[in-house]
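Taking our numbering, I'd label the letters of the sequence shown as residues 5 to 419. Positions of the beta carbon are idealized from the N, C-alpha and C atoms, including for glycine. For reference, the structure discussed in these notes is given below.
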Amino acid sequence: MKQKLFTRNFIFLIAGQTSSPIGNYTLKFALSMYVLESTGSASVFAGLLSLSILPTILLSPFGGILADRANRRNIMAALDALSGLSVFLASFAMAERRDIIVIGALLVILSMLGAFESPTVQACIPQMLSGSNIVKGNAIVNQVSSITSLITPFLGSVFYAAFGICPVFYGAVLCFFLTALLECFIQLDYQKPADHMGIGAIIKEDFSVSMHFLRREQPDILKLLLLAAAVSLFVAGTAVVGFPYLVRTVLGLPAAYYGVAESAMGAASILGSLCVMALAKKIRPPHLVGILAGFGLCLFPCGLAFLFPLHAFTRYLILLIMFCTCQLGCSLFSTYAISVIQAHTPEDLMGKVMSYVFTLSLCAQPAGQIIYGFLFDLFSDSVSRVLVPSGVIIIIISLASARFFRQLAKPDFDS
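This is the structure:
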């Protein structure tokens, strides 16, 4: 019998994953403007954001252990309630004239809570859905994330400009508490572990079991994790760092041009998720080779555009089209790759493996940003020497992984 995609549990999960990011991202955007106005330094907020990433990287594996050991519904509801409480308390602490310290502490706390929630949410999807609906479910979660990332900068700027920072805090509190309430209605099967080990013994055993699973039982999943991290490194380097650098610094175009490009790339990400949903029963692991190679091919026109005497706006259009295509492909790749990993992972290890996905991606992104930041500064007068070799490397990686993807072509997603 064909399983419904929009089950009761999944509807409540999506509703919560819409409410929580709206409050979280809107708050963070408003905080960025508040810090810039208060200090006049973009580096201060960049430093705060960098600091807040560290707890996520360090704690995500422990979040995976918790997701596999406790009731996932209760974890999500408790974490969102704690997020709302943290923002609520921070709103009062802001009045004590140590606002930058409070903002830094709040970002770190939210990062710590997010480290436990993200692998839990990812682990819930295959528990709620099965077959090709796992791919569709991941695509919908990705769509929700993309849409909220599009609208929250607008919400943050409007609310902050109209009402100041405090009402934004209260709005975020409302979103977090609403999410916690919605998650209370989710019903998931949960069987309490029979063993009664101490925390240290649990951590040691779970790490040992999960690493044995990845290294011995399913080494292909570990390879896919590393490959996805490599893709994240190149995406973070070329798209997150390179694209705005090329538009604003190399081409010297106004900020509005990059704003349009940012919205277009967000739309491309949503389109990629829609394509995954439409092709869920047709996409197979070998197709990821072509998607990955296409990402590399898109960098060639970007590099060649700077070798010919083209107008700045023409180069901008080439960059816009190619990077939007890359964003669409990356959305396809990441959504389907996560679904492949989920389909090959046992239920009792799902949280831990999803935490490794999250951690490796987080580690790869700043690494890519640092590497490409250095490369674009070094070759600022000849950016094609960065873009074209990057495209070649990505294509080589995709061709080298062709055999690996054929090994993953199993009928795990048949409905």
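Given this structure, state the Cα-to-Cα distance separating Ala97 from Phe181, to the nearest angstrom. Straight across, the Cα-Cα distance linking Ala97 with Phe181 is about 19 Å.
Extent of the continuous alpha helix (DSSP H) to which Pro305 belongs: Following the DSSP letters along the chain, one finds Pro305 inside the alpha helix (DSSP H) bounded by residues His291 to Leu308.
Under 8 Å Cβ to Cβ from Asp416, same chain only, skipping five residues before and after it: list those, please. At Asp416, the pLDDT of 45 sits below 50, so the modelled position is not reliable; the number obtained from the coordinates is stated separately. Excluding positions up to five away in sequence, the list reads Val344, Ala347 and His348.
Which of the three DSSP states, helix, strand or coil, is assigned to Thr349? DSSP places Thr349 in coil when its eight states are reduced to three.
May I ask you to report which of helix, strand or coil DSSP gives Gln191? Secondary structure at Gln191: coil, using DSSP grouped into helix, strand and coil.
Exposed or buried, Tyr360, counting other C-beta atoms within 10 Å across all chains shown (16 or more means buried)? Burial call: buried.
The alpha helix (DSSP H) with Glu221 in it runs from where to where? Counting along the chain, Glu221 falls outside any alpha helix (DSSP H), and DSSP gives it neither H nor E.
So, at 8 Å on beta carbons, what are the nonlocal neighbours of Met326 in its own chain, with the 5 sequence-adjacent residues on each side left out? Within the same chain, Met326 has close Cβ partners Cys302, Leu303, Pro305 and Cys306.
Are the beta-carbon atoms belonging to Pro123 and Ser64 less than 8 Å from one another? Yes, Cβ-Cβ distance for Pro123 and Ser64 is below 8 Å.
Are Leu364 and Leu229 closer than 8 Å when you measure CB to CB? When the beta-carbon positions are compared, Leu364 and Leu229 come within less than 8 Å of each other.
Please state whether DSSP places Val387 in a helix, a strand or coil. If DSSP states are grouped into helix, strand and coil, Val387 belongs with coil.
What does the alpha-carbon distance come out to for the pair Val112 and Ala265? Taking the CA atoms as reference points, Val112 sits about 30 Å from Ala265.
What separation, rounded to the nearest whole angstrom, lies between the Cα atoms of Phe317 and Gly256? Inter-residue distance for Phe317 and Gly256 is about 10 Å (C-alpha atoms, whole angstroms).
According to DSSP, is Asp416 helix, strand or coil? With a pLDDT of 45 at Asp416, under the threshold of 50, the predicted position of this residue should be treated as unreliable, though the coordinate-derived value follows. The answer is coil: DSSP assigns Asp416 none of H, G, I, E or B.
Straight-line CA distance for Tyr38 to Ala368? Taking the straight line joining both Cα atoms gives about 29 Å.
Backbone CA spacing between Val280 and Ser24 [nearest angstrom]: A direct Cα-Cα distance of roughly 24 Å separates Val280 from Ser24.
Select from Ile295, Leu323 and Gln21 the residue whose C-alpha is nearest the C-alpha of Ala243. Per the Cα distances, Leu323.
Should Ala234 and Ile401 be called a contact, given that it needs their Cβ atoms to be closer than 8 Å? Annotated as proximal: Ala234 and Ile401, with beta-carbon spacing under 8 Å.
Close-in-space but distant-in-sequence residues of the same chain around Leu83 (CB under 7 Å, 5 per side omitted): Only Leu117, Phe120 and Glu121 meet the Cβ criterion.
Could you tell me whether the Cβ atoms of Phe163 and Thr22 are closer together than 8 Å? No. Outside cutoff.
Grab the span of the alpha helix (DSSP H) containing Lys356 for me, first residue to last. Per DSSP, Lys356 belongs to the alpha helix (DSSP H) from Met354 to Leu382.
CA-to-CA distance, Phe16 to Ala74, given in whole angstroms: So the alpha carbons of these two residues sit roughly 19 Å apart.
Among the residues of its own chain, which have a CB less than 7 Å from the CB of Gln373, if the five just before and after it don't count? Within the same chain, Gln373 has close Cβ partners Ala240, Gly241, Val244 and Val245.
Is the beta carbon of Asn137 closer than 8 Å to that of Ser277? With contacts defined as CB atoms closer than 8 Å, Ser277 and Asn137 fail to qualify as a contacting pair.
For Pro171, three-class secondary structure by DSSP: Here Pro171 sits in helix by DSSP.
Using only the alpha-carbon positions, how far apart do Ser386 and Gly204 sit? When rounded, the distance between both Cα atoms is 53 Å.
Spatially closest choice to Thr253 from Ser87, Ser384 and Tyr174, by CA coordinates: Per the C-alpha coordinates, the member of Ser87, Ser384 and Tyr174 positioned closest to Thr253 is Ser384.
Let me know if Tyr194 comes out buried or exposed under the rule of 16 or more other beta-carbons within 10 Å of its beta-carbon. Under this definition Tyr194 is an exposed residue.
Counting C-beta neighbours from all protein chains within 10 Å, is the total for Asp210 16 or more, i.e. buried, or is it exposed? Asp210 comes out buried.
What number of angstroms, rounded off, separates the C-alpha of Leu93 from the C-alpha of Val177? One C-alpha to the other measures close to 10 Å.
Measuring alpha carbon to alpha carbon, tell me which residue in Lys227, Ile26 and Phe378 is nearest Ile151. Distance check between Ile151 and each of Lys227, Ile26 and Phe378 places Ile26 closest, using alpha-carbon atoms only.
For Phe10 and Tyr320, what's the separation of their Cα atoms in angstroms? Cα-Cα distance, rounded: 40 Å.
DSSP on Lys140, reduced to helix/strand/coil? Here Lys140 sits in helix by DSSP.
Less than 8 Å between the beta carbons of Ser90 and Leu110, yes or no? The Cβ atoms of Ser90 and Leu110 lie closer than 8 Å to each other.
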